[in-house]
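Protein chains in written order, with the numbering used here: chain A, 7 to 889; chain X, -19 to 388.
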């Protein structure tokens, strides 16, 4: 690890910046690279005269100023220079009402840990120390007279194996005197303290004990009737009136789904998935109008109401139906019946700012790192909370105060290294600027760091001695790699003064090299603010979701980043669907990992067959055609295991089960994570079977008749080329022709539709016709094409008789089949479509007359030119253009 | 008996021809044989016939054999050099550019029509047409010079194309050939970069006349949708559930047939792949990224949805045999699944939609319009029946369509 090498040189240089205190004083410096917390426990005092402490603890004590850190450190007591490890730290609680401990020393290691992780963090008067102290309210777990008694009172409030289940957490999370506006945020902060302790003591449970969930029977619900029924008189009239312009097979721009089909049954089939019988207002049809403003026919809100009312009327006409009795089904579960599959195990020992966005409402995203001062972010503009934990930025931003943001400056300039870690889902891959995902900056052109997106690339600007104030040149991921995708991604930017900038996407180093030399962060500015979703100026907006953001005061190693990527984001549950009845295996379940994926769906993944009876050895059980049911019906979309065909066999491991599939799928959220009731259906489960017969969909209706179209059309580009070649006898591959063809071909008609004819096309045809005629007249072939005509005669003589003129005009007419012909029945006539011969001859003779009108040298070569002109007039006419 | 139809031309008003201007036809309720002959020839070839050919065709029509007249017209080089080339050229590139140069895809379509090869082979056959003209550069797997020289030389494609087995020309194993799908022309356009889904989509567009919007079906199982498809594009899973899944659930299990194909080219110095070549992992070959015959491109962006399907092989399944897309008319004689492009090509080409698509495309080209009413649709149905009942000869479709529209 690169940063592990730093302390010798880099760390000492940082230390050198600090005043060295005489013995008897306590001094803090910030370790570079090493885990601050571990150092605080292991570095012996006295070796250098400088005592190192956890950076997080340091900031808990001092608020925003590094100077205050030192002051606080100096004020605190020294353990006497014995060389013995000490955990007695300065009062590290928030600036106001901080508590300091002066009682008896901890009697055991565990008490010492308790003090470090619980007492130090919670004993301040503005936290728990206002009440839960000696001579006051019980339990007195933050009493200041004797840490050992406080420990006795507080230990049972802490659950090291499941920190989030600790009484301390649940009490505060339940609304008991949180010091912030969000009880969830306080609970999260306390959880983090306990997790740190658990991590340090190795108590954190990494295995999940499966326990039997409550048993629910699949409830009754409204289901769509087989026939369209009253759909035709409730919802369908709206659809057929307002949506048939596209969503019907006979529409001009027909677009699936055809829920506005002329055939009501067909429309009904397509509409089912878009109507919610239990909550009509949540129907896709309504949402599409009201929230997405998709082709409203009038006022979107009113249209939505009208649609919802229609769906409600339809729903009202449907009786509550029981679950199909023929189905082979499991027991039912709510999401909250599941076992929490902890998302613990993240590496965040040095997270100095942490946002998990669990609050779910309000305008503040809390920094739950526990490191003070908290850089709480204020949400402004278009920002939406995600039920799956996160915020969706749609042009708005989340910004911290400059005073609290200074924490980043203080810590990171001291460590000289840092990591920005985020789970993000860019809304698109077209935003650029770069669009600011996370920025610690002062304006559009001045910053300390910025993680951004530029279309398919992630960008990382860091201000250092080797860059300008804008952090340029930026580190940008390789264009060809297209790292940024409009989906949930784990994006990590690290900086350290040896390795410089690095970007990791989805746990993998992108391999892109920092274009600037790695330097110290001494040029950073402490007046900037941390902001998400845009620049502090509101420019360079980034749209997308942020599910988690952590700023670490060290450059995470590739291994740590991979670990955090593997842990994932959001809360996961293990749902155990009981199938004992059908399999006859005691306590047998099909277990899914389930999480709320976003505001609109759940992710079901990795179904596993498992029995909680450790002695069970199931074998030969067939599981086929498994589908996920929600609220009494099978989910319409996303049945990834409909084709499953598995048998429980020798690969079953007692206690762990047998994986049925590694796949995952999205199930559309219906009533919400608290109400949606899930179950499984099977086509075959053990000995029970259900034969599914998929109804034959209606045959698509014939498209509607079109307006009568013209029966004639244009010759297209290459047809004109070939037709001219045929009519003049000149090869289309003649070099002179090819030259002109290449110039004009894109000007010629590409479509045969005569209604699309343009004057420019006629110009192209004329140019090409002139070239063909010119090539013909300049070639030896002219003799046979215009037999008898004297090209050597001067203009005055060449056309001075009708016979001579006919020598030019007649071959042209004939090659265009404009002349009279003798048919198989011996009749003689022109083709019906041929132009009137006399009219054509008149036109061409007029042209010859015009061309004859010359004098002197202007008449030189005029004979051939006239033939070319007459030829081009005939060849460039509608006789070639139209067929 | 000649001239069975009444001669009306003599009595029809004739519009004056305005030189260099538009000229409007005086339509005949029932056109005379020679007028029908002119129209057939012109629509089939793009060029005006010689007087003798016109007379010959008119006589055939008068004798009640308009098909013979159509076949006479199709003797003209322009039917191959213009009409068929224009039909096939837009199929060979993503932009549907009609000006794209002749290539092995186009030439193979033209040759197959000329030789009355069962047109279903276009998606599955071990077949390729090259030019047999002295002085041409030889066929190359890594450029298009052979065909561009053939086109530039103005040679008659009717006379100069020769049928060969694709595997003998390109070296692709015979079982890996799949008609035009495995030509260099198609590979350069649809196997280049990406994930090979383009080959499926464009085959559907060009040979079943359906783009993805027309085959959307969100009710199919999504179990074969790969990892690279985001399940929440931009953080919104509704987009996936309502749109993406509708195409991918059916497309991905079929596009899997192309798992072993790629188009190898130098992306930096030759971004268009002008010197690229089709690349296929034969039995025994292994892609280092996947550890199997599956090309690495099929596993890209795997972190977009780690729980998505990972292609293990080139097994394809047609999920659209059920649900609304069953009405594409899949052949009951085929199993609806298989391995590789060849059997997928057979699956597609044996559908009713394939036959109707070819007929509709020819109808548009020859009648210069869309089918507009029941009469047209019924006729297209009948022509498609003839097409599929008598060896899938596309020339016959041209003849049938030209005869139908000659009376327009």
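Cβ coordinates follow ideal geometry from the N, Cα and C atoms, glycine included.
All values derive from a computational prediction rather than experimental measurement.
Residues that residue i contacts on chain A, provided the C-beta gap is smaller than 8 Å
i              : result
residue 279(X) : Under the 8 Å cutoff, chain A gives no residues; its nearest Cβ is about 14 Å from residue 279(X).
residue 213(X) : 492 and 493
residue 307(X) : 703, 705 and 706
residue 303(X) : 700 and 703
Inter-residue CB distance, residue i and residue j (contact presumed, cutoff 8 Å)
i              : j              : result
residue 447(A) : residue 549(A) : Between residue 549(A) and residue 447(A) the Cβ distance is about 18 Å, and since that is not below 8 Å, they are no contact.
residue 23(X)  : residue 385(X) : 7 Å
residue 546(A) : residue 441(A) : 6 Å
residue 186(X) : residue 71(X)  : 4 Å
residue 720(A) : residue 888(A) : 6 Å
residue 135(A) : residue 117(A) : The Cβ separation is near 18 Å, so there is no contact.
residue 686(A) : residue 654(A) : Not a contact, Cβ separation roughly 15 Å.
residue 463(A) : residue 490(A) : 6 Å
residue 298(X) : residue 195(X) : Residue 298(X) to residue 195(X), Cβ: 11 Å. No contact.
residue 303(X) : residue 703(A) : 6 Å
For residue i: DSSP bridge partner residues
i              : result
residue 819(A) : For residue 819(A), which the question treats as bridged, DSSP gives no partner whatsoever.
residue 390(A) : 398(A)
residue 608(A) : 602(A) and 673(A)
residue 18(X)  : Answer by DSSP bridge pairing: none, since residue 18(X) is not bridged.
residue 147(A) : Residue 147(A) pairs with nothing; no bridge assigned.
residue 403(A) : 386(A)
residue 449(A) : 452(A)
residue 627(A) : 654(A)
residue 634(A) : 686(A)
residue 319(X) : 295(X)
residue 243(X) : 258(X)
residue 759(A) : 719(A)
residue 429(A) : 496(A) and 554(A)
Buried versus exposed call for residue i [16 or more other C-beta atoms within 10 Å across all chains shown]
i              : result
residue 137(A) : exposed
residue 30(A)  : Residue placement at residue 30(A) is poorly supported in this model, since its pLDDT is 33, which falls under 50; the coordinates still yield a value, given next. It counts as exposed.
residue 81(A)  : In this prediction, residue 81(A) scores a pLDDT of 35, lower than 50, which makes its location untrustworthy; the coordinate-derived value is nonetheless stated afterwards. So residue 81(A) counts as exposed.
residue 389(X) : Limits of chain X in this structure are -19 at one end and 388 at the other, which puts residue 389(X) out of reach.
residue 594(A) : buried
residue 263(A) : buried
residue 197(X) : buried
residue 58(A)  : Note that residue 58(A) scores a pLDDT of 35, beneath 50, so its modelled location is shaky and nothing firm can be said.
residue 76(X)  : exposed
residue 882(A) : buried
residue 63(A)  : For residue 63(A), the predicted model reports a pLDDT of 39, less than 50, meaning its position is unreliable; a value from the coordinates is still stated below. When all chains shown are included, residue 63(A) counts as buried.
residue 752(A) : exposed
residue 32(A)  : Low confidence applies here, because residue 32(A) scores a pLDDT of 34, under 50, leaving its location unreliable and the question unanswered by this model.
residue 257(X) : buried
residue 378(A) : buried
Under 9 Å from the C-beta of residue i: neighbouring residues of chain X
i              : result
residue 857(A) : Simply none; closest approach about 14 Å.
residue 292(A) : Under the 9 Å cutoff, chain X gives no residues; its nearest Cβ is about 13 Å from residue 292(A).
Interface residues of chain X facing residue i [CB-CB closer than 7 Å]
i              : result
residue 607(A) : 217 and 221
residue 669(A) : 203, 287 and 289
Chain A residues whose Cβ lies nearer than 9 Å to that of residue i
i              : result
residue 247(X) : 486
residue 132(X) : 739 and 744
residue 14(X)  : 827, 829, 830, 835, 837 and 838
Only counting runs of 3 or more residues, tell me where the beta strand (DSSP E) segments fall wholly within the segment 93 to 133 of chain X, in order along the chain.
108 to 111
Q) Taking the runs of the alpha helix (DSSP H) that are 4 residues or longer, which of them lie wholly in the segment 823 to 876 of chain A? A) 843 to 858
Item to check | Every unbroken alpha helix (DSSP H) inside the segment 323 to 384 of chain X [4 residues or more] | outcome: 332 to 347 and 354 to 369
| task | At 4 residues or longer, and completely inside the segment 541 to 591 of chain A: list those alpha helix (DSSP H) runs for me, N to C. | result | 564 to 573 and 586 to 589
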